[in-house]
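Numbering (the working numbering), first residue to last: 6 to 494.
No residue lacks a Cβ here, since even glycine has one placed at the ideal position from N, Cα and C.
Everything numeric in this text was worked out from a predicted model, so none of it was measured.
Notes for the one structure printed next.
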């Protein structure tokens, strides 16, 4: 799999275990990383004995190597071909001071190779290594099996998931989100704390909507960059009955949004998508938002900054676009199904029948002729990971819930962007959302990545995380302590 960044590799060793185990493990791990298209950074066999880490001097050399690659290392893999030197591993990570996720793997013993010349004792050594990491205050991730060979399918999945955890953690610690316009007056639900976000490495760049609309109004249909954006819009989605003048308005707005993102090095945007833009400019911004989300620059509705942050987190976990949706309707009498809806700006990946249209509900107050640019389309059956990140301002913390389900092909006769979701324990989930003050917006992603998000958000970001892929032990609590939240299910 492709990834931005590299994985540092520490191969542990202990002098009274067979050296050949370390030499063999180094070859196996290097080969596996190459096959998975993961760039590994590890000591040369000339730098230390067999390229392993055992002594404090070895730790110093490995830490110096990692520091030299600080800008590219996004995580560290600890490999224990034998018991390993528990202190050497912890000291390497302390000296390197990378503050990145760490995955700890230990090799299994063979029952017929437990003699002095061939035994590993990694089962025991991994416990000792983790104990030292815990003492040093270094956060770490465990493999599904306590000890596992690198060729085992479970380890390959663990390693790929770990790469995604690294991607989420690195991305969230450096993300820049544009808040374009003021929160709509009727949406107290999307209020958030910029200060709490900043403490977690998340920057918010604000701009008044009048600046965006004013700059868009200065452009003309004859401008080359407007023509370029118009071509992109009409090749992105069927225009349906959209008038030419509405398409031009959309293209001009798209140009200015793109320039604002580039000028401020933004990763994502949350936009005041109504009602000022319709009343003062004459179109919806949904199509532009959809294009951005499809191109992995998520854009959320109603200046929902933490909703957009949630889109970004799920996108980082899966490598595919996310969509911000409303928990909108029950689905008949099925307690585990509901309707997801927006008027709508979902990424094209969710809308095989995508068409530029109007927003009929919004049109009742601003005139439907001013809402061209909304999208219409039905999301078909696909996997589902859902999630929501929020700032809990009264308590000064970040919190989230995540879970998995599926999107279905059940009949749904309505307009806009729409989907039917089937989610285990949906009623408990709704109770939890309401009792814990979460927003009516949630994010959907066509993946199964709840475990990755749980590890990244809970373990490494240190946020309160509740997982709903299995029955929750505390579905009605107002707050579940951190240790319970990250260990459930």
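Where the alpha helix (DSSP H) through residue 334 begins and ends: Sequence index remark: in the chain shown, residue 334 carries index 329 (1-based). Where residue 334 is concerned, there is no enclosing alpha helix (DSSP H), although the beta strand (DSSP E) it sits in stretches over 327–336.
Determine the closest residue to residue 49 out of 97, 340, 127, 67, with distance taken between C-alpha atoms. Your numbering for residue 49 matches position 44 in the chain shown. Distance from the Cα of residue 49 is smallest, within the candidate group 97, 340, 127, 67, for 67.
Checking the sheet assignment: what are the DSSP bridge partners for residue 210? For this step, residue 210 is matched to residue 205 along the chain shown. In the DSSP output, where bridge partners are listed per residue, residue 210 has 183.
Bridge partner(s) assigned by DSSP for residue 241: Counting from 1 along the chain shown, the entry for residue 241 is found at position 236. In the DSSP output, where bridge partners are listed per residue, residue 241 has none listed.
Can you check the stretch 386–462 for any beta strand (DSSP E) of at least 3 residues that lies completely inside it and give the ranges in chain order? 387–397, 402–413, 422–427, 446–450
Could you check which residue in 463, 444, 464, 454 has the C-alpha nearest to that of residue 193? Position 188 of the chain shown, counted from the first residue, corresponds to residue 193. Of the candidates 463, 444, 464, 454, the one whose C-alpha sits nearest the C-alpha of residue 193 is 444.
CB-CB length for residue 459 against residue 472, believed under 8 Å: On the chain shown, residue 459 is found 454 positions in, with the first residue counted as 1. On the chain shown, residue 472 is found 467 positions in, with the first residue counted as 1. Indeed, because the Cβ distance is near 5 Å, the residues count as touching under 8 Å.
How is residue 284 classed by DSSP in three states: helix, strand or coil? As a first step, residue 284 is located in the chain shown; it is residue number 279 there, counting from the start. The answer is helix: DSSP assigns residue 284 an H, G or I state.
Length of the line joining the Cα atoms of residue 9 and residue 416: One-based indexing of the chain shown puts residue 9 at position 4. One-based indexing of the chain shown puts residue 416 at position 411. Taking the straight line from one Cα to the other gives about 41 Å.
Please tell me whether residue 378 and residue 290 are closer than 8 Å, where the distance is taken between their beta carbons. Stepping through the chain shown from its first residue, residue 378 is reached at position 373. Stepping through the chain shown from its first residue, residue 290 is reached at position 285. Pairing residue 378 with residue 290 gives a Cβ-Cβ distance under 8 Å.
Run the CB neighbour count on residue 12, radius 10 Å, all protein chains shown included, and call it buried at 16 or more, exposed below. The sequence position of residue 12 within the chain shown is 7, counting from 1. Residue 12 is buried by the Cβ-count criterion.
Classify residue 171 as buried or exposed, calling it buried when 16 or more other Cβ atoms lie within 10 Å of its own Cβ. In the chain shown, counting from the first residue as 1, residue 171 sits at position 166. With 16 or more Cβ atoms within 10 Å of its Cβ, residue 171 is classed as buried.
Roughly how many angstroms separate the alpha carbons of residue 499 and residue 363, rounded to a whole number? The shown model of the chain, from 6 to 494, leaves out residue 499, and the question about it has no answer.
Cβ neighbours of residue 375 in the same chain (closer than 6 Å, five flanking residues each side left out): Translated into positions along the chain shown, residue 375 becomes position 370. Correct list, in chain order: 283, 287.
Return the CA-CA distance between residue 343 and residue 329, expressed in angstroms with no decimal places. As a working mapping, residue 343 is identified with position 338 in the chain shown. As a working mapping, residue 329 is identified with position 324 in the chain shown. Using only the alpha carbons, I get a separation of about 15 Å.
Quick check: what's the CA-CA separation for residue 77 versus residue 175? For this step, residue 77 is matched to residue 72 along the chain shown. For this step, residue 175 is matched to residue 170 along the chain shown. Rounded to the nearest angstrom, the two C-alpha atoms are 11 Å apart.
Take the Cβ of residue 398 as the centre, count every other Cβ of all protein chains shown within 10 Å, and call the residue buried at 16 or more, exposed below. Translated into positions along the chain shown, residue 398 becomes position 393. Exposed is the call here.
Should residue 207 and residue 182 be called a contact, given that it needs their Cβ atoms to be closer than 8 Å? The sequence position of residue 207 within the chain shown is 202, counting from 1. The sequence position of residue 182 within the chain shown is 177, counting from 1. It is a contact, given that the beta carbons lie within the stated cut-off.
Do the CB positions of residue 350 and residue 390 come within less than 8 Å of each other? Sequence index remark: in the chain shown, residue 350 carries index 345 (1-based). Sequence index remark: in the chain shown, residue 390 carries index 385 (1-based). Their beta carbons are not under 8 Å apart, which means residue 350 does not touch residue 390 by this criterion.
Taking one C-beta from the stretch 78–94 and one from the stretch 18–35 each time, how about it: are there three or more such pairs within less than 8 Å? In short, these stretches touch, since the Cβ pair count reaches three.
What's the gap between the Cα of residue 355 and the Cα of residue 243? For the purposes of this step, residue 355 is identified with residue 350 of the chain shown, where counting begins at 1. For the purposes of this step, residue 243 is identified with residue 238 of the chain shown, where counting begins at 1. Computed Cα separation, rounded: 15 Å.
Quick one, which of 23, 235, 108, 431 has its alpha-carbon nearest residue 168's? To locate residue 168, count along the chain shown from 1; it is residue 163. For residue 168, the closest C-alpha among the options 23, 235, 108, 431 is that of 108.
With respect to the beta strand (DSSP E) encompassing residue 273, which residues constitute its N-terminal and C-terminal limits? Looking up residue 273 in the chain shown gives position 268. Residues 273–276.
At 4 residues or longer, and completely inside the stretch 17–94: list those alpha helix (DSSP H) runs for me, N to C. 24–40, 61–73
Residue 167 bridges to which residues according to DSSP? Taking the chain shown and counting its residues from 1, one reaches residue 167 at position 162. Looking at the DSSP assignment, residue 167 forms no beta bridge with any residue, so it has no partner.
Give the range of the beta strand (DSSP E) segment to which residue 344 is assigned. Within the chain shown, the letter at position 339 stands for residue 344. Note, residue 344: beta strand (DSSP E), 339–347.
Go ahead and label residue 337 buried or exposed: buried means 16 or more other beta carbons lie within 10 angstroms of its beta carbon, across all protein chains shown. The residue you call residue 337 lines up with position 332 of the chain shown. By the 10 Å Cβ count, residue 337 comes out exposed.
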